[in-house]
Each structure stands twice: as structure tokens, then as C-alpha cells.
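Beneath this line is the structure, given in C-alpha cells, with notes to follow.
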Amino acid sequence: MDLFLPEPAPRPPAVPSGPGPLDRLLKVSRIYLEPAVREHARGREILARYPDAERVEVASHQRIPGLFGNEGNVEAWNRIKGSTLVLGVKKTLSFIANDRSSDFIAPSTANGCVMACAYCYVPRNKGYANPVTVFVNIDRIQEAVRRHAHKRGPKLEPNTVDPHAWVYDIGCNSDCAADAAISDNVRDLVRLFTSLPHAKASFATKLVNRELLTYEPKGRTRIRFSLMPHAPAKLLDVRTSPIAERIAAIDDFVAAGYEVHLNFSPVILHEGWQDAYVELFQQVDAGIGERAKAQLACEIIFLTHNAGLHEVNLGWHPKAEELLWRPEIQETKVSQGGGVNVRYRTGFKGRHVAEFQALLAEHLPYCRVRYAF
Numbered sequence: 002m003d004l005f006l007p008e009p010a011p012r013p014p015a016v017p018s019g020p021g022p023l024d025r026l027l028k029v030s031r032i033y034l035e036p037a038v039r040e041h042a043r044g045r046e047i048l049a050r051y052p053d054a055e056r057v058e059v060a061s062h063q064r065i066p067g068l069f070g071n072e073g074n075v076e077a078w079n080r081i082k083g084s085t086l087v088l089g090v091k092k093t094l095s096f097i098a099n100d101r102s103s104d105f106i107a108p109s110t111a112n113g114c115v116m117a118c119a120y121c122y123v124p125r126n127k128g129y130a131n132p133v134t135v136f137v138n139i140d141r142i143q144e145a146v147r148r149h150a151h152k153r154g155p156k157l158e159p160n161t162v163d164p165h166a167w168v169y170d171i172g173c174n175s176d177c178a179a180d181a182a183i184s185d186n187v188r189d190l191v192r193l194f195t196s197l198p199h200a201k202a203s204f205a206t207k208l209v210n211r212e213l214l215t216y217e218p219k220g221r222t223r224i225r226f227s228l229m230p231h232a233p234a235k236l237l238d239v240r241t242s243p244i245a246e247r248i249a250a251i252d253d254f255v256a257a258g259y260e261v262h263l264n265f266s267p268v269i270l271h272e273g274w275q276d277a278y279v280e281l282f283q284q285v286d287a288g289i290g291e292r293a294k295a296q297l298a299c300e301i302i303f304l305t306h307n308a309g310l311h312e313v314n315l316g317w318h319p320k321a322e323e324l325l326w327r328p329e330i331q332e333t334k335v336s337q338g339g340g341v342n343v344r345y346r347t348g349f350k351g352r353h354v355a356e357f358q359a360l361l362a363e364h365l366p367y368c369r370v371r372y373a374f
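So the sequence shown is residues 2 to 374, counted in the working numbering.
Dropping the structure here:
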């Protein structure tokens, strides 16, 4: 006689305890704010969190005299990130069609970051300083997302983004796990998506913020943990959670109701990169449980760099450019947004993308590739 036993209940996620994830990264001593910020409840909440910070009113969060566009600030790159906060009101609530990480890029609730990854594209638009900017009109942003999702209705044709839901990237210009430690914007969005039957939120992160485990996403938010081998991560992923900590968090986030994918991003070619990634794949395989493996998928994104960011990096982190700036194997590329960047050369890159996917299939055969480029 067959004996059917109930599946064991999933273990509860580890609850947050101890110091917050930004305690060592952000000690706000100056806040730049647009005058209208105080008219919004979220703005008043954030200001109350940092009562001792100097307040400096500015006409626009995009043009702050002495902060953005000041070449001398490059030498104080991390000091500015760790001490400065910008508060603004999001004016443009547009949705950008996308076919890779998401179906749509939602209006951002923040841009910039307290972390300092040397390859990050966001500083290209913020001159010689890149502190986090938080937008306080979260109610209008939520309403825009709600209207857009209702207008789309059900997703009738599966695609590589998701077979059933319209996916909205809510962290294209920031790291939502870090933003969540500054304000409740991310919590509000995660909870919003639990009420949208045909939509799902998504964001990539390099920070383990266990406060997110309490948000009850009910499967409607996808977190993409970005991973690369330990050695380049130690050099390039400045002020982020260690790779081992990110992998160790995956099971807890799955147990808490998140869909968890991986971002192998950016893939940076250097001597011995194949062995380094095999070691990383083995670390992932050993570090996650069957429930996480059953739902695992990934994105593979090879490095795209930029001449302007190269020059900025030479001012604060020149060692990083030894890996990132490789003219002998790179070529100019115009991005989808019209920016002029550099990437690995055509043909050369294609061979290595195929090699990466073959290694992944051998060592993490259950990890579905959503896209690779």
C-alpha cells in the first residue's frame, strides 16, 4: 500500500535582529531637499528619522550646486555616499517597455545608491557624486503603477520575463534593499503588488536586508540577487554584502514568499574566469535548498562600461579599471537608451557567452536562463 505523507512545512524565515543593514554605510549628516518634500507624509517621516542632519533646500533634486557636476567631489566619492541624502518629488511618472529583466520599468522611487559598485551605470547621469535620492510622493507612484497594471489586464502570452504576470522593475536606478532601510517606499510597493492579480514587482540587489523578510510579498515580488566570483566582487562590489551572505540569504527569502532569481552580472572576463565561476556555481549549489532550486532562474549580463565612468573611477578607484577597462577586447556600442558605451567585441563576446552558459548548465542544471547578453 502506498503511504502518502504530507510535505514538511517550510521553515520560517530568519527574523531581523541586531544592527540595521545600513548602519555602517549611511550616517546622514546633510539632507538636500526640495521645498515640496515637507508637504508629503513620506518626506516628513524620512526627515524625522534623521533629526540631527543639516537641511539644505534646493530648487531641484537634479541640479544641486556644489554636489552634482563638481569634479572635485570624485575624491570624496564614498564619503558623500555615506553622509548625504537627497529628497525630491518625482515629476515624471512614465513606464518604459523592457524585454529583459522586466516587461516594464516603473517610475523609480529612488536613484543613486549608498553602495559603490565600480561598474554601476547610474553615476553616469549624476556627475561626480552619486548619493541616494529618495522620492517622497509614493502615493502618486503607487497610483500610477496600479492604473498601468489594471489597464494591461491579464498577460495572455508567456514570454521570457514571466509566463503569467506583467513584471515591473521597481529598482532600475537604485538598490531597493538599501532604499528599504531609508524609507517605507519599498515596503509599500511590495504590498501594492500583492493586490494586483496580473502584475509582479522585481528588483536586483547586492545588499541583504532582512527587514524585507517581514513584508509578506505572497509570491508577487521577484528579488534578483546579483552574484560574481569572490575575488572580483571584493575589488568591484564596494560597500555591498559579501557574496557568501547573499547566497546564504536565498532560502530565507524564498521561505518568506519571494520569488528569488540570480543575476550573474556583470560577467567580467579575465584570466581564470571560468574556474572562478565554476567555484561560484558550486557555492550556490551547496548553499541553497530544494525549494529554492525548484524555482531558480537567472540573467547573464556581460560587462558594459563607459568612458565617462572610466574617468570618474580613475579618480577614486583606479585599481578597478584594470579589470573594467580593456580596450584590446572591447568596442564602442550605442545602448538602447542612446548612450555611447563599450562592451566586449562582437564574436569574442558571443563565444564567451556560450562558454558561460555551458558551464552553468553543467554545474547548475536546474537554473533556467531567462536571458543572456
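Every residue, glycine too, gets a C-beta built ideally from N, C-alpha and C.
Because the structure is a prediction, the values reported are computed rather than measured.
Exercise. Per DSSP, which one or two residues make a beta bridge with Gly89?
Worked result: One-based indexing of the sequence shown puts residue 89 at position 88. Phe136.
For this session: Taking Gln331 as the reference, give the member of Arg346, Val341, Gly339 with the closest Cα.
Result: Position 330 of the sequence shown, counting from 1, holds the residue named residue 331. Among Arg346, Val341, Gly339, the Cα nearest to that of Gln331 is on Arg346.
For this session: For Ser103, I'd like the list of residues in its chain whose CB is within less than 7 Å of its CB, leaving aside the five on either flank, ordered along the chain.
Result: In the sequence shown, the residue the question calls residue 103 occupies position 102. Here Ser103 has Val162, Val168, Tyr169, Asp170, Ser203 as same chain residues with Cβ atoms under 7 Å from its own Cβ, once five neighbours each way along the sequence are excluded.
For this session: Could you pull out every residue in the same chain whose Cβ sits closer than 7 Å to the Cβ of Arg153, ignoring the five residues on either side in sequence?
Result: As a first step, residue 153 is located in the sequence shown; it is residue number 152 there, counting from the start. Within the same chain, Arg153 has close Cβ partners Trp167, His199.
Problem set entry | Close-in-space but distant-in-sequence residues of the same chain around Ala145 (CB under 7 Å, 5 per side omitted) | By one-based count along the sequence shown, residue 145 stands at place 144. Counting only Cβ-Cβ distances below 7 Å, and skipping sequence neighbours, we find Leu94, Pro108.
For this session: Go ahead and label Gln283 buried or exposed: buried means 16 or more other beta carbons lie within 10 angstroms of its beta carbon, across all protein chains shown.
Result: Stepping through the sequence shown from its first residue, residue 283 is reached at position 282. With fewer than 16 Cβ atoms within 10 Å of its Cβ, Gln283 is classed as exposed.
Exercise. In whole angstroms, what is the alpha-carbon distance linking His231 and Trp274?
Worked result: Translated into the one-based positions of the sequence shown, residue 231 becomes position 230. Translated into the one-based positions of the sequence shown, residue 274 becomes position 273. Cα to Cα, His231 sits roughly 11 Å from Trp274.
Exercise. Are Asp238 and Lys207 close, meaning C-beta to C-beta below 8 Å?
Worked result: To locate residue 238, count along the sequence shown from 1; it is residue 237. To locate residue 207, count along the sequence shown from 1; it is residue 206. In this structure, Asp238 places its C-beta atom within 8 Å of the C-beta atom of Lys207.
For this session: Just confirm the distance between the C-beta atoms of Val115 and Leu26, as a whole number of angstroms; I'd bet it's less than 8 Å.
Result: Position 114 of the sequence shown, counted from the start, is the residue given in the question as residue 115. Position 25 of the sequence shown, counted from the start, is the residue given in the question as residue 26. That belief holds up - the Cβ atoms of Val115 and Leu26 are roughly 5 Å apart, short of 8 Å.
For this session: Alpha carbon to alpha carbon, how far is Ala321 from Val209? Give it in angstroms, no decimals.
Result: Walking along the sequence shown from the start, residue 209 turns up at place 208. Walking along the sequence shown from the start, residue 321 turns up at place 320. Whole-angstrom Cα-Cα distance: 23 Å.
For this session: Could you tell me whether the Cβ atoms of Pro22 and Ala182 are closer together than 8 Å?
Result: Position 21 of the sequence shown, counted from the start, is the residue given in the question as residue 22. Position 181 of the sequence shown, counted from the start, is the residue given in the question as residue 182. Between Pro22 and Ala182, the gap from beta carbon to beta carbon is short of 8 Å.
Problem set entry | Proximity below 8 Å, CB of Thr305 to CB of Arg352 | Position 304 of the sequence shown, counted from the first residue, corresponds to residue 305. Position 351 of the sequence shown, counted from the first residue, corresponds to residue 352. The answer is no: Cβ separation not under 8 Å.
For this session: Whole angstroms is fine: what's the gap from Ser30's alpha carbon to Asp286's?
Result: Counted from its first residue, the sequence shown places residue 30 at position 29. Counted from its first residue, the sequence shown places residue 286 at position 285. Approximately 42 Å between the Cα atoms of the pair.
For this session: Could you tell me which of Cys299, Asn131, Trp317, Asn160 sits nearest to Ala362, measuring between CA atoms?
Result: The residue you call residue 362 lines up with position 361 of the sequence shown. Nearest C-alpha to Ala362: Cys299.
Exercise. Is it right to say Ile97 is buried, meaning 16 or more other beta carbons lie within 10 angstroms of its own, or is it exposed?
Worked result: If you number the sequence shown from 1, residue 97 lands on position 96. A residue is called buried when at least 16 other Cβ atoms come within 10 angstroms of its Cβ; Ile97 does not meet this threshold and is exposed.
Problem set entry | Any alpha helix (DSSP H) of 4 or more consecutive residues that is wholly inside the segment 270 to 309 | Qualifying alpha helix (DSSP H) stretches, in chain order: 274 to 288, 291 to 295.
For this session: Give the range of the beta strand (DSSP E) segment to which His262 is assigned.
Result: Counted from its first residue, the sequence shown places residue 262 at position 261. That run of the beta strand (DSSP E) goes 260 to 268.
For this session: Give the secondary structure of Ala373 by DSSP, where H, G and I count as helix, E and B as strand, and everything else as coil.
Result: Within the sequence shown, the letter at position 372 stands for residue 373. In this structure, Ala373 counts as strand in the three-state DSSP scheme.
Exercise. Rounded to whole angstroms, how far is the Cβ of Leu263 from the Cβ of Leu297, which I believe are closer than 8 Å?
Worked result: Locating residue 263 in the sequence shown gives position 262, where the first residue counts as 1. Locating residue 297 in the sequence shown gives position 296, where the first residue counts as 1. With a beta-carbon spacing of about 7 Å, Leu263 and Leu297 fall inside the 8 Å limit used to define contacts.
For this session: Out of Pro155, Thr333, Gln143, point me to the one whose CA is closest to Thr110's CA.
Result: Within the sequence shown, residue 110 is the residue found at index 109, counting from 1. Comparing Cα positions, the closest option is Gln143.
Exercise. What three-state label does DSSP hand Thr110 in the structure shown?
Worked result: Translated into positions along the sequence shown, residue 110 becomes position 109. Here DSSP, grouped into helix, strand and coil, assigns Thr110 to coil.
Exercise. Which of helix, strand or coil does DSSP assign to Leu197?
Worked result: Taking the sequence shown and counting its residues from 1, the one referred to as residue 197 is at position 196. It is coil, neither helix nor strand.
Exercise. Alpha carbon to alpha carbon, how far is Thr222 from Val191?
Worked result: The sequence position of residue 222 within the sequence shown is 221, counting from 1. The sequence position of residue 191 within the sequence shown is 190, counting from 1. In this structure, the CA atom of Thr222 is about 6 Å from the CA atom of Val191.
Exercise. Considering only C-alpha positions, which residue in the set Ile139, Leu157, Ala373, Arg327 is nearest to Val90?
Worked result: Stepping through the sequence shown from its first residue, residue 90 is reached at position 89. If we check each option's Cα against that of Val90, Ile139 comes out closest.
For this session: Compute the distance between the beta-carbons of Ile269 and Phe374, then report whether it is under 8 Å.
Result: In the sequence shown, the residue the question calls residue 269 occupies position 268. In the sequence shown, the residue the question calls residue 374 occupies position 373. For Ile269 and Phe374, no; Cβs fall outside 8 Å.
Problem set entry | First and last residue of the uninterrupted beta strand (DSSP E) at Gln358 | Position 357 of the sequence shown, counted from the start, is the residue given in the question as residue 358. Premise fails: Gln358 lies in the alpha helix (DSSP H), 349 to 364, not in any beta strand (DSSP E).
Exercise. Among Leu88, Cys177, Pro20, Ala117, which residue has its Cα nearest to the Cα of Leu236?
Worked result: Counting from one through the sequence shown, the residue named residue 236 turns up at place 235. Leu236 has its Cα closest to that of Ala117, out of Leu88, Cys177, Pro20, Ala117.
Exercise. Closest by CA to Thr333, which one among Cys177, Ala308, Ser242?
Worked result: Here residue 333 corresponds to residue number 332 of the sequence shown, with the count starting at 1. Nearest option by C-alpha distance: Ala308.
Problem set entry | When Pro218, Lys219, Ile248 are compared against Met229, the one with the closest alpha-carbon | Mapped onto the sequence shown, residue 229 falls at position 228. If you compare the alpha carbons of Pro218, Lys219, Ile248 with that of Met229, the shortest gap goes to Ile248.
Problem set entry | Span of the alpha helix (DSSP H) around Lys235 | The sequence position of residue 235 within the sequence shown is 234, counting from 1. It spans 231 to 237 - the alpha helix (DSSP H) in which Lys235 sits, taken as one unbroken run.
Problem set entry | Same chain, Cβ closer than 7 Å to Glu58, neighbours up to 5 away in sequence not counted | Within the sequence shown, the letter at position 57 stands for residue 58. Leaving aside the five residues that flank Glu58 on each side, the residues in its chain whose CB is nearer than 7 Å to its CB run, in chain order, Leu34, Pro36.
Exercise. Do you know offhand how far Leu88's Cα is from Gly44's?
Worked result: Position 87 of the sequence shown holds residue 88. Position 43 of the sequence shown holds residue 44. When rounded, the distance between both Cα atoms is 7 Å.
Problem set entry | Where Ala257 sits in the DSSP three-state scheme | Numbered from 1 along the sequence shown, position 256 holds the residue referred to as residue 257. In the structure shown, Ala257 sits in coil (DSSP, three-state: anything other than H, G, I, E or B).
Problem set entry | CB contact flag (Lys92, Pro132, <8 Å) | Along the sequence shown, one-based indexing puts residue 92 at 91. Along the sequence shown, one-based indexing puts residue 132 at 131. Judged by their CB atoms, Lys92 and Pro132 are not nearer to each other than the 8 Å cut-off.
For this session: Answer yes or no: do Ala49 and Ile32 have a C-beta to C-beta separation smaller than 8 Å?
Result: Counting from 1 along the sequence shown, the entry for residue 49 is found at position 48. Counting from 1 along the sequence shown, the entry for residue 32 is found at position 31. No, these two residues do not count as a Cβ contact at 8 Å.
Exercise. Quick one, which of Leu193, Val75, Leu324, Ser175 has its alpha-carbon nearest Arg148's?
Worked result: For the purposes of this step, residue 148 is identified with residue 147 of the sequence shown, where counting begins at 1. The shortest Cα separation from Arg148 among Leu193, Val75, Leu324, Ser175 belongs to Leu193.
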